[in-house]
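First the structure, in the form of structure tokens, and then the observations on it.
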Amino acid sequence: CSKDESGFTLANDVAIDPTITRATEVDFESGDVIGLTISTAESLYADNAKMVFNGESFLAEGSLKWYEDMGVESTLTAYYPYSELKPATFSVQADQSGDGYLSSDFMMAKKEGVTPTAQAVNMTFYHKMTKIVINLTNEYNLDIEKVTLCNSLPTVTIDHEAATVAVDAESVAQDITAKEVSELKYAAIVAPQSVAMKVVVVAGGKEYTKSLIE
């Protein structure tokens, strides 16, 4: 393998060091998986490569080596959570009272002007969904059974090249069961949108409704 003064060789693996802004968690966890695409002006070098987080960096499942021409710049785009087929759309879960809350989080990152390096490439991941926090009052100490966010469009279309999403206006609105994150505090992850929503709280066997967006 060739080697320059920085210690880079053609055998160096591509590694991603993530900086994260996440809707539901503080940081990535070991075992989390992203899809990574590397493109140059002339070619697509890697498409939807499966990269697994080891607690410090994302590394390819198997191996992903840098290309040979160290002077060629590339653009790196990545998304989370990984899908075997690069997704064109993403939908939040209708039931977010449990694991559906975490799996409704979708993030993307993009970095331009990257050349092969012996160091991990830092990429900032931005969550593309919106977290709605619902704070309740319970003056009569009722048993809160369920909190539902109604009339939310669940799906976004994904532009991987630009690392952006847009709500799919043709998707069918759905009700989302919110997650209890602490006493009298509930949260739901929704696609970014401007629609009239309402919150329905079932407490003490009765329904209470409040408009969220006028």
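Residue 674 is where the sequence shown ends in the working numbering, and the numbering goes up by one at each step. Beta carbons: idealized from backbone N, C-alpha and C, even for Gly. The structure displayed is predicted, hence computed values, not measured ones.
- Linking GLU544 to ILE604 through their CA atoms gives a straight-line distance of about 39 Å.
- A residue is called buried when at least 16 other Cβ atoms come within 10 angstroms of its Cβ; VAL641 does not meet this threshold and is exposed.
- The beta carbons of ALA647 and LYS588 sit no closer together than 8 Å.
- For PHE518, the uninterrupted beta strand (DSSP E) segment begins and ends at 518-520.
- Bounds of the beta strand (DSSP E) holding ASP619 are 615-619.
- Under the criterion of beta carbons closer than 8 Å, VAL627 and VAL616 qualify as touching, at roughly 6 Å.
- Per DSSP, GLN634 is one residue of the beta strand (DSSP E) stretching across 634-637.
- In this structure GLN553 is buried. Its beta-carbon is surrounded by 16 or more other beta-carbon atoms within 10 angstroms.
- The criterion of a C-beta distance shorter than 8 Å is satisfied by GLY495 and ALA509.
- DSSP places LEU609 in the uninterrupted beta strand (DSSP E) bounded by 604-612.
- Excluding five sequence positions before and after GLU667, the CB atoms of its chain that fall closer than 8 Å to its own CB belong to VAL660, VAL661, given in chain order.
- Under the DSSP definition of a beta bridge, GLU640 partners with TYR646.
- With fewer than 16 other CB atoms across the displayed protein chains lying within 10 angstroms of its CB, TYR600 is exposed.
- In terms of CA proximity to ASP559, LYS639 leads the group LYS639, LEU536, MET568.
- Bounds of the beta strand (DSSP E) holding MET583 are 581-587.
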